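Using the working numbering, read the sequence shown as starting at 213 and increasing by one per residue. Quick reminder that beta carbons are idealized off the backbone N, C-alpha and C, glycines included. Note that the structure is a prediction, hence the values are computed from the model and not measured. Written out below as structure tokens is the structure these notes cover.
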Amino acid sequence: MKVTIFGTGYVGLVTGTCLAEVGNDVLCIDIDEKKIEMLNNGQIPIYEPGLESLVLRNKEQGRLTFSTDIKAGVDHGLFQFIAVGTPPDEDGSADLQYVLSVAKSIGEHMNDYRVIIDKSTVPVGTSDKVSQAISGALSVRKESIDFDVISNPEFLKEGAAIDDFMKPDRIIIGTDNVRTAELLKALYAPFNRSHDRLITMDIRSAELTKYAANAMLATKISFMNELSNIAELTGADIENVRIGIGSDPRIGYHFIYPGAGYGGSCFPKDVQALEKTAGEYGYTTDLLKSVEKVNFKQKEVIFNKINKYFNQNLKDKTIALWGLSFKPNTDDMRAASSRVLMEKLWQAGCMVRAYDPQAMDETSRIYGKNDFLVLCDSPEQALESADVLVVLTEWSMFRSPDFDKIKSTLKEPVIFDGRNIYDPALMKELGITYYSIGRNPVVN
């Protein structure tokens, strides 16, 4: 099948590549000439495990091409995926200007029936706006061409996106048209073989399903972080509590890990957008507002622990920081806890020596030249001249470090663990002072 993808960001590039991998003829369109040039030269603008080899293989075999030519994109595919960004507007609502711009372009250039697929995360009712944008452009041309708009939200986890697309938990198709449902069923057949994962529903329900899923997961994280603060105050161990409640199958173990707050491109943006959508209908989302508030406070917990340890005198201290991306296996730093921590440390007069396996270039892009930030070549280098160590992303390489090296290199053998990846008993045995989330500190 011929498929056009508008947008070569995280969702668009993964979607296009995976569809090409099963034999489709995919053309990815982006107005960013530099990004398209990179892709045509075999360079991948984002980090996602397994993506680079798939892109290169499908590009080499002619199933995956990249262009800035919008008309060529509209001419190419029966399926027109809109996978552009929907960044938060100033009021927290999703900014639909890029989605609607693509829709207008499709209407300006289409000459035959097309299926327009909203892959971007968009508020309820966006499909109507997309239809209106296409119809408006066709009306200007005095053309009457049949098209259908459907909602097909993505459920890709950064760091596991390839597996999520190739072996999906569910494929949501929002449409009121039997014809488009059958067309999408055929397109997704290679990913739907062992058992039927395709769920068809009305368009508005499909649009809300995406926001509901992310809001539910964000709620679980904030609830667990709230509990972790209670556990710490009462002398309980949140990790024991986590195991105790997770054993209940009604609750389960997924997304109940305490930490330094959630980040990334989805949860913060989508919780705000769902709040805004509800507000437009006159409904106040008390729970979602609390989820957001708890998360905001949780991102300051590690700083508060460091500040308390140094008796509110952080000037001229040097902090080693392991982990900059918002989660492992990505270079994404959008709304990352590391950004909140570093910026508060700088305000307090600290130097930060940081290392991350993938997010160093992204950190440089965000902060540029900063006299209070040293980006190091290894975790060990980050320890040099540092007073204490902070671990903020649970990369595998940080899970079993050389603790003797840490202890001998730091000015003070102190670790602040924002992801609870170390065993307090081991820290005590090693003589390392250890502060984590929702557990009693180990003071040596």
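{"Check": "Can you tell me which of Y469, M378, E419, R409 puts its alpha carbon nearest to the alpha carbon of F435?", "Outcome": "Y469"}
{"Check": "Please report the straight-line C-alpha distance between V314 and G289, rounded to a whole angstrom.", "Outcome": "14 Å"}
{"Check": "What's the C-alpha gap between R454 and Y465?", "Outcome": "8 Å"}
{"Check": "Please name the residue or residues paired with I385 in a DSSP beta bridge.", "Outcome": "T412"}
{"Check": "Beta strand (DSSP E) containing T542: first to last residue?", "Outcome": "Careful: T542 lies outside any beta strand (DSSP E) and carries neither H nor E."}
{"Check": "Would you give the residue range spanned by the beta strand (DSSP E) that M563 belongs to?", "Outcome": "563-567"}
{"Check": "Quick one: what's got a C-beta closer than 8 Å to L312's C-beta in the same chain, skipping five residues either side?", "Outcome": "K341, V342, A345"}
{"Check": "For a minimum of 4 consecutive residues, which ranges assigned as the alpha helix (DSSP H) are wholly contained in the region 276-351?", "Outcome": "282-288, 309-321"}
{"Check": "Our contact map puts S549 next to G475 with C-beta atoms below 8 Å; I'd like the distance itself, whole angstroms only.", "Outcome": "6 Å"}
{"Check": "Compare the Cα-Cα distances from V483 to each of L399, M428, I514 and report the closest residue.", "Outcome": "M428"}
{"Check": "What are the boundary residues of the alpha helix (DSSP H) that includes Y465?", "Outcome": "It is not in any alpha helix (DSSP H) - Y465 carries neither H nor E in the DSSP assignment."}
{"Check": "Inspect the beta-carbon positions of G274 and I241 and report whether they are closer than 8 Å.", "Outcome": "no"}
{"Check": "What distance in whole Å lies between the Cβ atoms of I518 and A472, which are believed to be in contact at a cut-off of 8 Å?", "Outcome": "Not really, about 12 Å apart at Cβ, beyond 8 Å."}
{"Check": "Run through DSSP, which three-state label would L604 get?", "Outcome": "coil"}
{"Check": "Give me the Cα-Cα distance between P636 and V602, rounded to the nearest whole angstrom.", "Outcome": "15 Å"}
{"Check": "Would the region 236-255 count as touching the region 381-398 if we require 3 or more Cβ pairs under 8 Å?", "Outcome": "no"}
{"Check": "Give the range of the beta strand (DSSP E) segment to which I357 is assigned.", "Outcome": "Per DSSP, I357 belongs to no beta strand (DSSP E) and is neither H nor E."}
{"Check": "Could you check what DSSP says for K529 in three-state terms: helix, strand or coil?", "Outcome": "coil"}
{"Check": "Taking its Cβ as the centre, do 16 or more other Cβ atoms sit within 10 Å of N426, making it buried, or is it exposed?", "Outcome": "buried"}
{"Check": "Between G371, E512, N389, R405, which lies nearest to R382 when the distance is taken from Cα to Cα?", "Outcome": "R405"}
{"Check": "Do the CB positions of N541 and P261 come within less than 8 Å of each other?", "Outcome": "yes"}
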